[in-house]
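What follows is a set of notes on a single structure, which appears directly below.
Numbering (this note's numbering), first residue to last: 2 to 453.
Pasting the structure below:
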């Protein structure tokens, strides 16, 4: 088939454009990588400076505690001194790791550790001398002088390290600024090229109606293919589940036979291994169930109806109490706005979120879970707050991933699918899910549904 003139121009334009875009994309990727690296080094230097400042503060505090004991005889000051020295050692360990890229700083850290140890010995001598029935004032003054001189040595080392890191920080900030400029420049050029591409295509493509019809036909065909793929995926999930369960049941069954029929013949290690097999086969079974549940959530039909949310949550709470050991937890239910959603799916969301709140607050001597709701900006927003272990917000992105866990299974049982299922259900209803937490101070999970 012979190409028309316009088709040749379009093809030539596409080829030239893709070539330019490829070159710019590679350059932009390198610029972004350099900027990210430079920013990370700046952040790293700030961390080192913060550690040095903390060390300086702790060293001064340990000396103040020693002198306070000598003056007052208050043994609380000795405990504080020991606490300061523990933090000093932790800070030195952290500094050794943080300066792993700088050999000079590593040498200084080693020297600093020796000087700190010498200061500790001088302080100990001062404390011991003060505890004698007739302390020698001349000796005490000598110890104080030695302690002051040792502090000066430590301060000199810390100051030299601080100066070095500040110079590095200035250099790395300059590098970050330079890479930021080139990154912005490369993206600016890339945007201009994209605008040029759009203008070129707009001027060259003539038969828009025919192209739209062709795209509509492709869309219909793609939709049909997607529906067929979804059906195949359902069959595939069932098949995988069946094929995985068969050998799993065999492993579990034979392990139980070994345990019941021959358990008395095994030594302690043998019985432990059988227990490991049983526990892991049960865990694998739970993983398969959760994986199938997650798969079904994305394919099922949503049947919405009006829901009395307070009644639904009350039923979920009652079911959880009957099925688990949550009776000791204090449960508070506030005003909840009603919503229009699929009752079965919303029951699953509440079960997963409230169940998690019970689970992660179970180690608190007085576990408490509070459920509230509010209508704001056209959304019904619900919250589940607990006073459990919480989590670090730095790992928030992993929170709603499938099989992602922020706590080990030895601490809290589970497969890491519950939050992913809850999020998928809420998103299919047109809502959103998010969370806030401080480690050791509990967590609050939120989800929203469109009002009406």
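C-beta atoms are modelled at their ideal positions from N, C-alpha and C, and glycine is treated no differently.
These numbers come from a predicted model, not from an experiment.
Straight-line gap, residue i to residue j (C-alpha atoms, nearest Å)
| i | j | result |
| --- | --- | --- |
| residue 267 | residue 421 | 41 Å |
| residue 46 | residue 338 | 49 Å |
| residue 150 | residue 172 | 33 Å |
| residue 185 | residue 397 | 28 Å |
| residue 364 | residue 124 | 41 Å |
| residue 50 | residue 63 | 20 Å |
| residue 83 | residue 119 | 15 Å |
| residue 395 | residue 223 | 39 Å |
| residue 374 | residue 44 | 39 Å |
| residue 434 | residue 279 | 35 Å |
| residue 460 | residue 168 | Residue 460 cannot be examined here, being either before or after the span of the chain that is shown, 2 to 453. |
| residue 174 | residue 448 | 40 Å |
| residue 310 | residue 277 | 42 Å |
| residue 441 | residue 366 | 13 Å |
| residue 170 | residue 181 | 16 Å |
| residue 156 | residue 196 | 58 Å |
| residue 115 | residue 153 | 14 Å |
| residue 145 | residue 58 | 19 Å |
| residue 113 | residue 401 | 44 Å |
| residue 126 | residue 86 | 15 Å |
| residue 48 | residue 204 | 54 Å |
| residue 108 | residue 42 | 21 Å |
| residue 261 | residue 419 | 34 Å |
| residue 432 | residue 452 | 10 Å |
| residue 143 | residue 55 | 28 Å |
| residue 65 | residue 399 | 44 Å |
| residue 213 | residue 428 | 31 Å |
| residue 81 | residue 130 | 19 Å |
| residue 217 | residue 211 | 10 Å |
| residue 220 | residue 226 | 10 Å |
| residue 269 | residue 259 | 14 Å |
| residue 133 | residue 103 | Low per-residue confidence applies at residue 133: pLDDT is 49, beneath 50, and the placement is therefore not dependable enough to give any value. |
| residue 192 | residue 16 | 18 Å |
| residue 357 | residue 71 | 52 Å |
Neighbourhood of residue i by C-beta distance below 8 Å, restricted to the same chain and skipping five residues each side
| i | result |
| --- | --- |
| residue 53 | 96, 159, 162, 163, 166 |
| residue 409 | Its pLDDT being 49, under 50, residue 409 is placed unreliably in this model, and the coordinates cannot settle the point. |
| residue 215 | none |
| residue 355 | 314, 317, 318, 321, 370, 372, 385 |
| residue 75 | 69 |
Those residues which DSSP pairs with residue i across a bridge
| i | result |
| --- | --- |
| residue 77 | For residue 77, which the question treats as bridged, DSSP gives no partner whatsoever. |
| residue 333 | 371 |
| residue 433 | 449 |
| residue 306 | 342 |
| residue 438 | 444 |
Distance between beta carbons of residue j and residue i, contact taken as under 8 Å
| i | j | result |
| --- | --- | --- |
| residue 444 | residue 361 | 7 Å |
| residue 341 | residue 305 | 5 Å |
| residue 350 | residue 426 | 5 Å |
| residue 37 | residue 117 | No, residue 37 and residue 117 are not in contact; Cβ-Cβ is about 36 Å, not under 8 Å. |
| residue 380 | residue 450 | 7 Å |
| residue 372 | residue 334 | 5 Å |
| residue 423 | residue 353 | 5 Å |
| residue 273 | residue 264 | Not a contact, Cβ separation roughly 11 Å. |
| residue 128 | residue 73 | Actually they do not touch by this definition, with Cβ atoms about 13 Å apart. |
Same chain, Cβ closer than 7 Å to residue i, five either side skipped, listed in chain order
| i | result |
| --- | --- |
| residue 19 | none |
| residue 343 | 303, 304, 305 |
| residue 110 | 93, 96, 97, 100 |
| residue 393 | 440 |
| residue 347 | 308, 313 |
| residue 336 | 374 |
| residue 106 | 100, 162, 165 |
| residue 121 | 86 |
| residue 39 | 173, 176, 177, 180 |
| residue 35 | 180 |
Neighbourhood of residue i by C-beta, 6 Å cutoff - its chain only, sequence neighbours within 5 removed
| i | result |
| --- | --- |
| residue 69 | 78 |
| residue 135 | Bear in mind that a pLDDT of 41 at residue 135, under 50, signals an unreliable position, so the model cannot answer this. |
| residue 439 | 391 |
| residue 88 | 59 |
| residue 430 | 342, 450 |
| residue 148 | 123 |
| residue 183 | 32 |
| residue 437 | 445 |
Residue i Cβ short of 7 Å to the ligand SAH heavy atom set
| i | result |
| --- | --- |
| residue 378 | Of the ligands one can find in the structure shown there are none, so the ligand SAH has no counterpart to examine. |
Run through the region 336 to 392 for me and flag every whole alpha helix (DSSP H) of 4 or more residues, listed as ranges in chain order.
344 to 361
Every unbroken beta strand (DSSP E) inside the region 157 to 204 [3 residues or more]:
none
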